[in-house]
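Residue numbers (my numbering), protein chains in the order written: chain H, 13 to 198; chain Y, 9 to 280. Virtual Cβ for every residue (Gly too), placed ideally from N, Cα, C. Working notes, structure below.
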Amino acid sequence: MELKTPLKVEEILKLKVGDEVYITGTLYTARDEAHMRMIEYWEHGKELPFKIDYSVIYHCGPVVEKNRVLSAGPTTSARMNKLAPHLLKKVQCIAFIGKGGMSGEVREAMKGKAVYLAFTGGAGALAAERIKSVKKVYWEDLGMPEAVWEFEVEKFGPCIVGIDAHGNDLYSEVEKKVNARLRELL
Amino acid sequence: MNFEDVKNGVVEVLRKAHTELPEDVLKALKKAYEDEENEIAKKNLEAILRNVEAAKKLNVPMCQDTGIPVFFVEIGRELKLDFDIKEAIAEGVRVATKEIPLRPNAVHPLTRENSNDNTGMNIPPVDVTLTEGDKLKITVLPKGAGSENLSVLKMMLPTEVKKIERFIIETVAAAGGKPCPPIIVAVGIGGTFDLAAKLAKKALLRNILQMTNFELEILEKINSLGIGPMGMGGKTTALAVLTNFAHCHTASLPVAINIQCWANRRAEIVLR
C-alpha cells in the first residue's frame, strides 16, 4: 500500500508486520547526531526547525552532490535505540525507515502511534532513484551523513513493515528462532 | 612512476570498487536469490541485485556508506619511488571524494568533527608489502561501519581451540540483522592482537567462492541459524566464511572476526 505524508494514525494502525509499503511525500533523515541535537533542543525548550509529528524519519546518511541524491540507503537503526523513545514522546504519530530493527523499549514506545519500515540495507542507488528532490538541509554543520536532509519522495520503497504499532516485531520473532537454533548447535 | 600516477590510480580503483560489485560476490548473491524460499528474504535479495545493476548503470556508489577506504599496496622491489606513496594515496582519496563523489565519513574520534575529505589522522589505512618485480599493485577495500561495528577480537585461551567455531557462530548470531546480511565472515586466527585483526581484514580480499572444508562447515551452521537477509529471516545469513592463519605465542590464541556486509566492495589496479 501507499502511505502519504503527513501520516494518518488510522493508516499506521492498519499496517501489519510483513506488509509492503511505498511512501510518497516528505522524508527527514536523522542519525545519531541529529537525534542528539533534537533532544538538546527539547531540553532547552527550543522548537525544532522542522516538524517531525506525523512525519517519516529516515535513518540514513546520504551521498549528495550539489542538490542531487546519488546514494541513500538506510543505516543501522539500533544505534538510535536509546534516542528514539525521546522522539516518540514528542509525537502523536510517526514512521521510521531503517534497517536491522530496533529494541523492545522502542517497540513498546511505538505502540498505538508508530511503525518501523525496513528498506533493504546497502541499496543506496535504488533508494536514490525514488528521491525526487532535496527540499532543504538542516544542521549541515553536523556533516553530510549526520545532517537532517528533507527529501521529496515518490513511491519510496519497497519498504516492509518490520515492527507494527501493535507490538508485533519481525526481528524479535526471527531472533527467538535464531537463539533456539543456536542452543541446538552449541 | 610518480605521485600523479598513484593519485589517479587511486581515484580509478575507488570508482570501480563503488560502482561494480566483484563478479564472485555477485554470483553468490544471485545463487542466494535462486535458493531462497522465504518471501521477504527473496524481496531483499532482489532489491540488492537491482541496486547493484542501478549503481553500475548510473555510475553512482552502490551503498551510501562509502566507508573508510582500506588500502593494500604491493610494491615491487625493483621500483624506485621518490615520493610519499601514502600521501599520494591520501590525495587520491581526496580527489575521489569530490569527483565520484564519496560520502565524507572520516571524523575526529572525540570531537566527531568531519574532515570532509575522508582523510585524517592515520586515515586512510595503508598496508604495504614488498614483492618481487617492478610493479605497484593497489587494492582498495572500502569498509562500511554497519558491518565493521559488529566485528570482535578475542584473546582466547590456548586450550580453547575447539571453541573457535562456537565463538564465530555466536558472534554472527549476536550481530543479527545489523551488519546487512548476507554477510561475509572473515576470521583471523593466531598471530598477535594486531595481526589477528589484519589477517581477518586481508581474508576479505579472497575470492568468496573458494572456501576450504573448515570454512564450508562453519558457513553451513551459520546459515542454519535463520537470520536471513537483513535479519528478517531466511537461509542466507552469510555468503562466505574466510579464514586466515598465523603462528602465535604458545600462551595465546587471538581470534579476530571481521564482519563484512553483502557489499564486499574491492578493486585493484596494477601500475608499472
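Quick one: what's residue i bridged to in DSSP?
| i | result |
| --- | --- |
| Asn252(Y) | Gly196(Y) |
| Met70(Y) | Answer is none; Met70(Y) lacks a bridge partner. |
| Lys111(H) | Thr88(H) |
| Pro262(Y) | Met163(Y) |
| Thr36(H) | Lys16(H) |
| Cys171(H) | Val33(H) |
| Val150(Y) | It is worth fixing the name first, because residue 150(Y) is Pro in this sequence and not Val. Beta-bridge pairing links Pro150(Y) to Pro77(Y). |
| Arg80(H) | Glu77(H) |
| Gln268(Y) | Ile192(Y) |
| Gly116(H) | Answer is none; Gly116(H) lacks a bridge partner. |
| Leu37(Y) | DSSP output for Leu37(Y) lists no bridge partner at all. |
| Ile143(H) | Val165(H) |
| Glu82(Y) | Thr137(Y) and Lys145(Y) |
| Val1(Y) | For residue 1(Y) there is no data in the structure shown, the boundaries of chain Y being 9 and 280. |
Use the C-beta contact count for residue i: other C-beta atoms within 10 angstroms, 16 or more gives buried, fewer gives exposed.
| i | result |
| --- | --- |
| Ser243(H) | Not covered by the structure: residue 243(H). The range shown for chain H is 13 to 198. |
| Tyr128(H) | buried |
| Asn130(Y) | exposed |
| Leu224(Y) | exposed |
| His257(Y) | exposed |
| Val278(Y) | exposed |
| Arg273(Y) | buried |
| Val21(Y) | buried |
| Glu44(Y) | buried |
| Gln329(Y) | Missing from the structure shown is residue 329(Y); chain Y here goes from 9 to 280 and no further. |
| Ser67(H) | buried |
| Val190(H) | buried |
| Pro117(Y) | exposed |
| Tyr53(H) | exposed |
| Met5(H) | Summary: the structure shown does not reach residue 5(H), with chain H confined to residues 13 through 198, and so no result is reported for it. |
| Gly242(Y) | buried |
| Asn52(Y) | buried |
| Leu217(Y) | exposed |
| Glu187(H) | buried |
| Ala229(Y) | Correcting the residue type first, residue 229(Y) is Lys in the shown sequence and not Ala. Per the 10 Å Cβ criterion, buried. |
| Leu138(Y) | exposed |
| Leu165(Y) | exposed |
| Lys170(Y) | exposed |
| Asp181(H) | buried |
| Arg43(H) | buried |
| Val136(Y) | exposed |
| Pro61(H) | exposed |
| Met163(Y) | exposed |
By Cβ distance below 7 Å, which residues in the same chain neighbour residue i in space, the five residues on each side in sequence not counted?
| i | result |
| --- | --- |
| Cys71(Y) | Gly152 and Ala271 |
| Glu140(Y) | Gly84 and Arg85 |
| Asn10(Y) | Phe91 |
| Arg193(H) | none |
| Glu152(H) | Ala159 |
Between which residues of its own chain and residue i is the CB-CB distance below 6 Å, once the five residues before and five after are set aside?
| i | result |
| --- | --- |
| Gly100(Y) | Lys15, Val18 and Val19 |
| Val67(Y) | This sequence places Asn at residue 67(Y); Val is not what is there. So the list reads Thr27, once near-sequence residues are dropped. |
| Phe131(H) | Pro86, Ile109 and Cys171 |
| Leu27(H) | Val127, Val173 and Asp176 |
| Pro187(Y) | Gly154, Ser155, Leu158, Ile267 and Cys269 |
| His47(H) | Met92 and Leu95 |
| Asn122(Y) | Pro112 and Val115 |
| Pro18(H) | Tyr66 |
| Asn215(Y) | Asp32 |
Enumerate in chain order the residues of its own chain whose CB-to-CB distance from residue i is below 8 Å, with the five nearest sequence positions on each side excluded.
| i | result |
| --- | --- |
| Lys16(H) | Ile35, Thr36 and Gly37 |
| Asn93(H) | Met114, Ser115, Glu117 and Val118 |
| Lys111(H) | His71, Gly85, Pro86, Thr87, Thr88, Ser89, Ala130, Phe131, Thr132 and Gly133 |
| Ala246(Y) | Val180, Pro189, Pro190, Ile191, Ile192, Val193, Leu227, Ile230 and Asn231 |
Would you say the beta carbon of residue i is closer than 6 Å to some non-hydrogen atom of the ligand ATP?
| i | result |
| --- | --- |
| Pro150(Y) | Ligands in the displayed structure: none, and consequently the ligand ATP is not present. |
### Task
Closer than 9 Å, Cβ to Cβ, to anything on chain Y: give me those residues from the region 171-183 of chain H, in chain order.
Taking a C-beta cut-off of 9 Å against chain Y, the contacting residues of the region 171-183 of chain H are Ile172, Gly174, Leu182 and Tyr183, listed in chain order.
### Task
Pair every Cβ in the region 168-177 of chain H with every Cβ in the region 168-178 of chain Y, then say whether three or more of these pairs are closer than 8 Å.
Output reads no: the region 168-178 of chain Y does not touch the region 168-177 of chain H.
### Task
Evaluate the contact criterion for the region 149-162 of chain H versus the region 75-85 of chain Y: three or more CB pairs, one atom per stretch, below 8 Å.
no
### Message
For the region 103-119 of chain Y, list every residue whose C-beta sits within 8 Å of some C-beta in chain H, in sequence order.
### Response
Flagged, chain order: Pro109, Leu110, Arg111, Pro112, Asn113 and Val115.
### Query
Does the region 67-81 of chain H come close enough to the region 139-159 of chain H that 3 or more CB-CB pairs lie under 8 Å?
yes
### Message
Contact between the region 92-100 of chain H and the region 116-130 of chain H is defined here as three or more beta-carbon pairs at a separation below 8 Å; is this criterion met?
### Response
Between the region 92-100 of chain H and the region 116-130 of chain H, the count of Cβ pairs shorter than 8 Å is three or higher; the stretches touch.
### Query
What are the residues of the region 64-84 of chain Y that lie near chain H, defined by any Cβ-Cβ distance shorter than 8 Å?
Leu66, Val68, Pro69, Met70, Cys71, Gln72, Asp73 and Thr74
### Task
Determine contact between the region 232-239 of chain Y and the region 197-207 of chain Y, defined as no fewer than three beta-carbon pairs at a distance below 8 Å.
The region 232-239 of chain Y vs the region 197-207 of chain Y: no contact.
### Query
Of all the residues that make up the region 86-112 of chain H, which are near chain Y by a beta-carbon distance shorter than 7 Å?
Per Cβ criterion, the list reads Thr87, Thr88, Ala90, Lys111 and Gly112.
### Message
Whether or not the region 53-62 of chain Y and the region 33-42 of chain Y are in contact is what I'm after, with contact meaning three or more pairs of Cβ atoms, one per stretch, closer than 8 Å; do they touch?
### Response
yes
#### Entry: the region 138-163 of chain H: positions lying closer than 9 Å to chain Y by Cβ
Leu138, Ala139, Ala140, Glu141, Leu154, Gly155, Met156, Pro157 and Glu158
### Query
Of the residues that make up the region 164-185 of chain Y, which ones have a beta carbon closer than 8 Å to any beta carbon in chain H?
Arg174, Ile177, Glu178, Ala181, Gly184 and Gly185
### Query
What residues from the region 49-61 of chain Y come within 9 Å of chain H, judged by C-beta to C-beta, listed N to C?
Lys51, Asn52, Leu53, Glu54, Ala55, Ile56, Arg58, Asn59, Val60 and Glu61
### Message
Closer than 8 Å between beta carbons: that is the criterion. Which residues of the region 220-232 of chain Y meet it against chain H?
### Response
Lys229 and Ser232
### Task
Decide yes or no for the touch test of the region 228-235 of chain Y against the region 93-109 of chain Y: beta carbon pairs closer than 8 Å, at least 3 of them.
no
#### Entry: chain H contacts from the region 256-280 of chain Y (Cβ-Cβ distance under 7 Å)
Cys269, Trp270 and Ala271
### Query
Taking Cβ-Cβ distances below 7 Å as the criterion, which residues of the region 237-255 of chain Y are in contact with chain H?
Met238, Gly239, Met240 and Gly241
### Query
For the region 67-81 of chain H, which residues have a beta carbon sitting closer than 8 Å to at least one beta carbon of chain Y?
Those would be Cys72, Gly73, Pro74, Val75 and Glu77, in chain order.
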